[in-house]
Amino acid sequence: MRLETPFYKLPLRVDVEQLVNEVNGFAEDEWRAHPQQFEGNSSMILVSANGQINDDMHGPMLPTEKLNRCLYIKQILASFNTVIGRSRLMRLSPKATVPIHTDINYYWRDRFRIHVPIVTDPSIRFCCNGNEVNMAAGEVWVFDNWHNHTVINDSDVTRIHLVADTTGTSAFWNLMAQSERPFDKINSVQSKPHMFAFDPDASLVLKTELHNASVVMHPGELELLVREIADDMFESTSGSQIGKVEFKGLLDALVYDWRSIWSMHSDNESGWTEYQRLRADILKRVSSIDEPLPVASNGMPAATILNSRLGAALNLQLKSNAQTQIPITGQASPANMKKKISSSFDRPIFIVAGPRSGSTLLFETLARNRELWTIGGESHQLIESIDALNPATHEFDSNELKAADASDEVIMTLRQAFLSQLLDTNGRSLSSYAASERPGKFRFLEKTPKNALRIPFIKAVFPGAMFIFLNRRPRENISSIIDAWRSGKFITYRGLPSWQGKDWSLLLPPGWRALNGAPLEKIAAFQWHSANQKILNELTQLNDKDWTSVSYETFLDDPVETAKKLCTFADIPFGPRMQALADDQLPESRHTLTTPDPDKWRKNEREIMAVIADVEPLAKQLMLLNN
1 MRLETPFYKL PLRVDVEQLV NEVNGFAEDE WRAHPQQFEG NSSMILVSAN GQINDDMHGP
61 MLPTEKLNRC LYIKQILASF NTVIGRSRLM RLSPKATVPI HTDINYYWRD RFRIHVPIVT
121 DPSIRFCCNG NEVNMAAGEV WVFDNWHNHT VINDSDVTRI HLVADTTGTS AFWNLMAQSE
181 RPFDKINSVQ SKPHMFAFDP DASLVLKTEL HNASVVMHPG ELELLVREIA DDMFESTSGS
241 QIGKVEFKGL LDALVYDWRS IWSMHSDNES GWTEYQRLRA DILKRVSSID EPLPVASNGM
301 PAATILNSRL GAALNLQLKS NAQTQIPITG QASPANMKKK ISSSFDRPIF IVAGPRSGST
361 LLFETLARNR ELWTIGGESH QLIESIDALN PATHEFDSNE LKAADASDEV IMTLRQAFLS
421 QLLDTNGRSL SSYAASERPG KFRFLEKTPK NALRIPFIKA VFPGAMFIFL NRRPRENISS
481 IIDAWRSGKF ITYRGLPSWQ GKDWSLLLPP GWRALNGAPL EKIAAFQWHS ANQKILNELT
541 QLNDKDWTSV SYETFLDDPV ETAKKLCTFA DIPFGPRMQA LADDQLPESR HTLTTPDPDK
601 WRKNEREIMA VIADVEPLAK QLMLLNN
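Just so we're aligned, residue 1 is where the sequence shown starts under the numbering used here, counting upward by one.
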C-alpha cells in the first residue's frame with residue numbers, strides 16, 4: 001500500500017524471548033523456500049489461503065497448523081485489533097539480501113505489511129524509497145511496500161521477522177497516527193510504547209480475512225484501478241505524450257466494455273468468457289505500444305502494473321463451491337466437486353516446444369481430430385491470472401514453474417479454468433452442451449511456448465499428461481526468433497526491471513538478466529537453447545509412454561505420416577479429418593510473419609553463424625532423439 005511516509009514505528013513492544021522460544025519450536029525442514037527462490041530467503045507460513053501451505057493471495061485466509069502451535073504469535077496478531085491477511089515468519093540468512101523490488105500485486109493495493117523483528121542485528125538495513133532503518137528486536141513497524149525496497153543482512157545473524165498483511169481497521173489507523181515516522185517531513189506525534197506481554201490464559205480472538213477478491217471485479221473498482229495507473233503515468237516525466245494518450249485510450253476502452261458486459265451479465269457465468277476475452281485483448285493491445293511508460297511513484301512500467309491488476313479482475317475459482325463453471329448434476333460437496341473436475345481430464349496432450357518452432361501449425365493440425373478438445377488458443381492468461389503463477393509476482397525471474405508451484409488451490413483453480421473454456425473441434429463451447437450431451441471425460445490438446453519451462457508443474461496439475469516435444473533446427477529457429485523480436489509483434493514484457501535492451505519478446509528463461517547488452521542473435525540462441533534443453537531434461541525424467549518427440553522438418557516433409565504416429569502415441573483415432581491432410585496443403589500458421597521458405601534463414605546468416613557453435617551440441621542430441 002502507498003503510505004504517506006516510508007516507515008512507521010508503532011508504539012508497541014513485544015516479548016522477544018517468548019517469540020524466540022516459539023520460533024525455535026520449528027524444525028529446520030519445516031521452513032519453506034522463498035516462492036521466488038531468492039537465495040538465503042525462507043519462510044514459515046502462518047496464515048494463508050484456506051489455511052494450507054501455499055503462497056496464494058486470493059481465498060479465505062485461515063491459520064495454518066504452524067500458527068496454531070504458536071500461542072504468543074497468535075496473541076500478537078489478535079492484539080493488533082485488525083483483520084489479518086497473509087502472514088508468515090520471514091527468515092534471511094547471514095550475508096543474504098532481499099532483492100530490491102516493489103509489491104504491485106492487486107492484493108497489496110489496499111494492504112500494508114506489519115513487521116515484528118524477532119531475531120536481528122543492529123547492522124541489518126531495511127531500505128525503502130531511498131531511506132533506511134534498523135528494526136530492533138521486539139519493535140513493531142509498518143512500511144510503504146509500493147515503493148522500491150530491499151533488506152541487506154551483512155551480519156552473521158539469521159534475521160527472523162513476523163510479517164502480517166492487513167487492510168487496517170480504524171483503531172489500527174489511529175495507532176498508525178501515534179507512530180514514530182523517522183522520515184516524515186512533519187514531526188509526528190510519538191506515544192509511549194505499550195508492552196504486550198505473553199498471557200498463557202488469554203482468550204483473544206484472531207480475525208482473519210475471508211473475502212479479498214470478487215469473482216468478477218465490479219466496473220467501479222476497475223475504473224478506480226486504471227485511473228490510478230493512468231494518473232501516475234501522466235505524472236511521470238518519462239515516456240512520450242503520444243504513448244501515454246494511446247495507453248489511456250486503451251484503459252478507457254477497457255472500462256467502457258467491462259461496464260457494458262457487467263450490465264448484461266453482472267458476475268454470472270454467462271459473461272465470463274466475454275470478460276476473459278476483453279482482458280486478453282486489452283493486454284495484447286497494450287503490449288503493442290512500443291515504448292516503456294513508467295509511472296511517477298515507483299518507476300514501474302504502467303503496462304506491468306496493469307497486467308498485475310487485471311490478473312485480479314477475474315477470480316472464477318471463488319465460485320467453485322457454490323456454482324461451477326461447468327454445471328454438475330446433483331448436489332456435490334467441495335470434495336466431490338474436486339474429484340469430479342479432476343476426473344474430467346483423460347491424459348491431456350501438451351505440445352511443448354521452444355518459441356517459433358512451428359508448434360501452432362502442429363497444434364492446428366492435430367486439433368482437427370474430433371476426439372480432442374482445446375481452449376481455442378494458448379493458456380498464458382489462464383495460468384498467469386493466478387497471482388502466485390504470474391511472473392510479475394516473482395519479480396519476473398522467468399516463466400519457469402515447478403511442481404512445488406502446484407498447490408492444491410492452484411491445481412483446482414487451473415483444472416476448473418481449463419474445463420470452463422473447453423471447445424470441441426468445431427469451436428462449440430462445452431458450456432453450450434446440455435448436461436446429457438457432455439462427455440464424461442475429455443481428451444484435451446494444448447500448446448503454449450512458455451510451457452517449455454513448466455513440464456513438472458503441468459505434470460503436477462495433470463498427472464496423466466502426455467507430451468509431444470516439437471523441435472526445430474537451430475539455424476531456422478533462431479532466425480525466426482530474431483525476426484519475431486524485430487517485428488515488435490511478440491513483445492511479452494515491457495520495461496523489465498534491470499533490462500536495458502528492446503522490450504522483451506517471447507519466452508523469458510531463467511538467467512535472462514545476464515544477457516543485458518548482448519546482441520539480438522545471442523538472445524535468440526539463448527532462448528532456443530534454454531527451452532529445448534529444459535524440455536529434454538524434464539521429459540527424460542518421465543516414463544517413456546508419457547512423451548514422444550518429432551522434428552518440425554519431419555512434420556513438414558510428411559504431415560500425414562507424422563500425424564498418424566502422433567495419433568498412435570496419444571491413443572486417438574486417425575479419422576477422416578486427419579486423413580484429409582493427404583489431400584490438403586498445410587496452411588500457414590496464423591503466427592507466420594512471412595511466406596515459408598527453406599532459405600529464409602539466410603537473411604540472418606551472418607548473425608546465426610556467430611552463435612551456431614554454442615547450440616550445435618544440443619542440436620545433435622535432438623537429431624538423435626528424433627531418429
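Note that CB positions come from ideal geometry on N, CA and C, so glycine has one too.
Three or more pairs of CB atoms, one per stretch, sit closer than 8 Å, so the region 59-76 contacts the region 193-204. For the set Thr568, Glu605, Asn604, the Cα lying nearest the Cα of Leu366 is the one of Thr568.
Look at Thr540 here: in three-state DSSP terms it is coil, with no helix or strand label.
In the three-state reduction of the DSSP assignment, Asp121 falls in the coil class. For Asp424, the closest alpha carbon among the candidates Arg438, Met412, Gln416 is that of Arg438.
In this structure, Arg2 places its C-beta atom within 8 Å of the C-beta atom of Trp146. In the DSSP assignment, Ile349 falls within the beta strand (DSSP E) that extends over 349-352. Taken atom to atom, the span from the alpha-carbon of Leu19 to that of Glu521 is near 54 Å. Under the three-state reduction of DSSP output, Tyr552 falls in the helix class. For Leu382, the secondary structure class from DSSP, reduced to helix, strand or coil, is helix. The straight-line gap separating the alpha-carbon atoms of Ala230 and Leu382 is approximately 25 Å.
Apart from the 5 residues on each side of it in sequence, Ser429 sits with its Cβ closer than 6 Å to the Cβ of Leu423 in its chain, given in chain order.
Inclusion of Asn68 and Pro60 in the CB contact set at 8 Å is not warranted, their separation being larger than that value.
Looking at the DSSP output, Leu162 shares a beta bridge with Leu89, Val116.
Within the DSSP bridge table, the entry for Lys447 names Ile351 as partners.
DSSP, read as helix, strand or coil, puts Phe569 in helix. A Cβ-Cβ separation of about 41 Å leaves Leu293 out of contact with Leu372 under the 8 Å criterion. As far as DSSP is concerned, Ser420 takes part in no beta bridge. Of the candidates Trp262, Leu414, Ala404, Ser42, Leu414 places its Cα closest to the Cα of Ser385. The C-beta distance from Ala524 to Ile482 rounds to 5 Å, short enough to meet the 8 Å contact threshold. Using a Cβ-Cβ distance cut-off of 8 Å, the region 247-256 and the region 276-296 are in contact, since at least three pairs of beta carbons, one from each stretch, lie closer than that value.
Bounds of the beta strand (DSSP E) holding Leu470 are 466-471. Note on the region 187-225: whole beta strand (DSSP E) runs with a minimum of 3 residues are 194-196, in chain order. Within the same chain, Cβ atoms closer than 7 Å to the Cβ of Ser505 are found at Ala484, Trp485, Phe490, Ile491, Thr492, the five residues on either side in sequence being excluded.
For Ser357, the closest alpha carbon among the candidates Arg309, Lys447, Leu77 is that of Lys447. By the neighbour-count criterion, in which a residue is buried when 16 or more other Cβ atoms sit within 10 angstroms of its Cβ, Pro348 is buried.
Following the DSSP letters along the chain, one finds Val98 inside the beta strand (DSSP E) bounded by residues 97-101. Looking from the CA of Asp387, the closest CA among Gly40, Glu17, Arg159, Met57 belongs to Met57.
The bridge partners DSSP lists for Arg13 are Met195. Per DSSP, Val47 is one residue of the beta strand (DSSP E) stretching across 41-49.
Ile491 carries a strand assignment under DSSP once its states are collapsed to helix, strand and coil.
The beta carbon of Asp408 lies closer than 7 Å to those of Gln52 in the same chain, with the five residues before and after it left out. His161 sits buried, since 16 or more C-beta atoms from the chains shown fall within 10 Å of its C-beta.
Looking at the DSSP output, Phe126 bridges to Val133, Val151. Within the DSSP secondary-structure output, Ser429 pairs in a beta bridge with Leu423. In this structure, the CA atom of Asp397 is about 12 Å from the CA atom of Leu507.
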